[in-house]
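**Q** Quick note: the sequence shown, position 113, residue 97 per this note's numbering, numbers continuous.
C-beta: ideal position from N, C-alpha, C; glycine also.
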Amino acid sequence: MESRSSERGVGDRVLAYSGWQTYAVQDARATRRLDPEAAPVSAALGVLGMPGFTAYAGLLELGRPKAGETVVVAAAAGPVGSAVGQIARVKGARAVGIAGGAEKCRILIEEYGFDAAVDHRSATFEDDLKAATPDGIDVYFENVGGPVAAAVTRRLNKFARIPVCGLVANYNATSAPEGPDQLPAFMSKVLTLSLTVRGFIQDEFVPTHQDDFLREMTAWIADGSVRYREDIVDGLESAPEAFRGMLVGRNVGKLLVRVAQD
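#1: Within this structure, are the beta carbons of Ala115 and Lys88 separated by less than 9 Å?
#2: With a cut-off of 8 Å on the beta carbons, I'd call Val56 and Tyr124 a contact; round off their distance for me.
#3: May I ask you to report which of helix, strand or coil DSSP gives Asn156?
#4: Among Asp196, Gly30, Gly47, which has the Cα closest to the Cα of Glu214?
#5: Can you pull the DSSP bridge partners for Glu126?
#6: Per DSSP, what kind of secondary structure is Ala206 in: helix, strand or coil?
#7: If you drop the 5 nearest sequence neighbours on each side, which residues of the same chain put their C-beta closer than 7 Å to that of Met201?
#8: My parser needs the alpha helix (DSSP H) runs of 4 or more residues fully inside the segment 87 to 131; what are they?
#9: Rounded to a whole number of angstroms, what is the C-alpha to C-alpha distance between Ile205 and Leu198?
#10: Going by C-alpha distance, which of Glu126, Ser66, Lys173, Asp218 is nearest Arg182?
#11: Out of Ser106, Gly97, Ile82, Ala83, point me to the one whose CA is closest to Ile71's CA.
#12: Leaving out five residues before and five after Ser222 in sequence, what residues of the same chain have Cβ atoms less than 8 Å from its Cβ?
#13: What residues in its chain sit with their C-beta under 7 Å from that of Ser2, if we drop five residues either side in the sequence?
#14: Please classify Gly3: does DSSP put it in a helix, a strand, or coil?
#15: Residues in the same chain with beta-carbon distance under 6 Å from Gly130, minus the five sequence neighbours each way, listed in chain order, please.
#16: Quick one: what does DSSP say Val181 is sitting in, helix, strand or coil?
#17: What does Arg78 pair with, by DSSP beta-bridge criteria?
#18: Does the structure place the segment 137 to 147 close enough to the segment 156 to 163 that three or more beta carbon pairs sit under 8 Å?
#19: For Gly120, collect the residues of the same chain with a Cβ closer than 6 Å to its Cβ; drop the 5 residues on either side in sequence, then sort them by chain order.
#20: My assumption, with CB atoms under 8 Å, is that Ala58 sits in contact with Val132. Please give the rounded CB distance.
#21: Identify, in the order they occur along the chain, each residue of the same chain with its Cβ nearer than 7 Å to the Cβ of Trp4, setting aside the five sequence neighbours on each side.
#22: With DSSP as the reference, identify every bridge partner of Leu140, one or two as the case may be.
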C-alpha cells in the first residue's frame, strides 16, 4: 500500500513473516517479492517457500542422493515429504514414500511419481517396507520418528545418510516411551553402518542455497518434474482446528488458511 524502499513498490506481492493482521510494517530486506506469473503466490508458503526449501536443502546438502540409490521419506504426502521424493527422482534416485492410508499412498504414486509407497498404518507395514526397498535404504529423510523410524532403521545400508527434519510422532507425547531404552541399539547402528545423522533447521542454508532453490524449483514446477497440492481451509477462526488436524495427518499437501477471498 505504501513503500519507502526502492526495492519494493506499491502493489507488489511479497512474502513476509508479519503474522495474521490487516496491516504490517516490514523492512523491505525481510520480504521476498513474488512473481504471480511463475506460480500462484500461495506457492511461496509451500513448494516455493519454507517447506520446499526444507526438502531441497535437507536432501541435497545432507542426504546427497546418488543416481540409483534408494531414498525413503516419512510423512511423504506432506509439503516437505512430497518435494523430497520428487527431487530425489529428478536426481536419478529411487523414491519410496511412507504415508498414512491408502489414498495418500495412491497420490504418491499417481500424482507425485514415487517409485513405491508404503502405508505405515497397515498391519503389514514392515513387510511392505522391506518389499519396497529390496536393495536397502541409502537416504532416510526423517520427518516422523517413532515406530516408522524404528522400522526404517532396520533397512539402512552402510554409509546411509539421515537428514533429521522433524519428529512429529513425539510432539504430543506426555510421558517417556515405554519399554527398554532403544538409544544404545541405534547408536550401535550408527557405529557399525557408518551412518551420518544430521539434524537441521532450514534457515541455516538460506544464505548459501536459496537462490539456487528458487531457480531450480521454479524450473521443475514449470516442466512438471515437481507437482504440489494445497489443502485450503477458509477463515482465521478455522486455524486452530486446522493446525491440530495437521499434526495427526488430516491434510494432504500444504495446509493453508485463507483469511479472505482476494
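**A** Walking through what the data contain:
#1: Residue numbering aside, residue 115 sits at position 131 when the sequence shown is read from its first letter. Residue numbering aside, residue 88 sits at position 104 when the sequence shown is read from its first letter. No.
#2: Counting from 1 along the sequence shown, the entry for residue 56 is found at position 72. Counting from 1 along the sequence shown, the entry for residue 124 is found at position 140. At roughly 5 Å, the Cβ-Cβ gap stays under 8 Å, so Val56 and Tyr124 are in contact.
#3: As a working note, residue 156 is residue 172 in the sequence shown. Three-state result, Asn156: coil.
#4: The count along the sequence shown starts at 1 and reaches residue 214 at position 230. The shortest Cα separation from Glu214 among Asp196, Gly30, Gly47 belongs to Gly30.
#5: Translated into positions along the sequence shown, residue 126 becomes position 142. Bridge partners of Glu126: Val148.
#6: One-based indexing of the sequence shown puts residue 206 at position 222. Residue state, collapsed to three classes: helix.
#7: Within the sequence shown, the letter at position 217 stands for residue 201. If the five residues before and after Met201 are omitted, its C-beta is found closer than 7 Å to the C-beta atoms of Val31, Leu32, Gly36, Tyr40, Val210, all from its own chain and listed in chain order.
#8: For the segment 87 to 131, whole alpha helix (DSSP H) runs of length 4 or above, ordered along the chain, are 109 to 116.
#9: The count along the sequence shown starts at 1 and reaches residue 205 at position 221. The count along the sequence shown starts at 1 and reaches residue 198 at position 214. Rounded to the nearest angstrom, the two C-alpha atoms are 11 Å apart.
#10: Translated into positions along the sequence shown, residue 182 becomes position 198. For Arg182, the closest alpha carbon among the candidates Glu126, Ser66, Lys173, Asp218 is that of Glu126.
#11: Within the sequence shown, numbered from 1, the residue matching residue 71 stands at position 87. That would be Gly97, whose Cα lies nearest to the Cα of Ile71.
#12: Taking the sequence shown and counting its residues from 1, one reaches residue 222 at position 238. Beyond the five residues adjoining it in sequence on each side, Ser222 comes within less than 8 Å, by CB distance, of Val241 in the same chain, given in chain order.
#13: Along the sequence shown, read from residue 1 onward, the residue named residue 2 stands at position 18. Cβ neighbours of Ser2 beyond the five flanking positions: Ala8, Gln10.
#14: Residue mapping note: residue 3 aligns to position 19 of the sequence shown, counting from 1. DSSP, reduced to helix, strand and coil, places Gly3 outside both helices and strands of the structure shown, so it counts as coil.
#15: What you label residue 130 is simply residue 146 of the sequence shown in a count that begins at 1. Excluding positions up to five away in sequence, the list reads Ala153.
#16: As a position in the sequence shown, residue 181 is number 197, starting the count at 1. Assignment of Val181 by DSSP, reduced to helix, strand and coil, places it in the strand class.
#17: Reading the sequence shown from its first residue, position 94 is the one you call residue 78. In the DSSP output, where bridge partners are listed per residue, Arg78 has Thr54.
#18: No: fewer than three Cβ pairs fall under 8 Å.
#19: Locating residue 120 in the sequence shown gives position 136, where the first residue counts as 1. Excluding residues within five positions, the ones whose Cβ falls inside 6 Å are Arg139, Asn141.
#20: Along the sequence shown, one-based indexing puts residue 58 at 74. Along the sequence shown, one-based indexing puts residue 132 at 148. 5 Å between Cβ atoms; contact.
#21: The residue you call residue 4 lines up with position 20 of the sequence shown. Closer than 7 Å at the Cβ level, and outside the excluded window around Trp4, lie Leu220, Val243.
#22: Your numbering for residue 140 matches position 156 in the sequence shown. According to DSSP, Leu140 bridges with Ile121.
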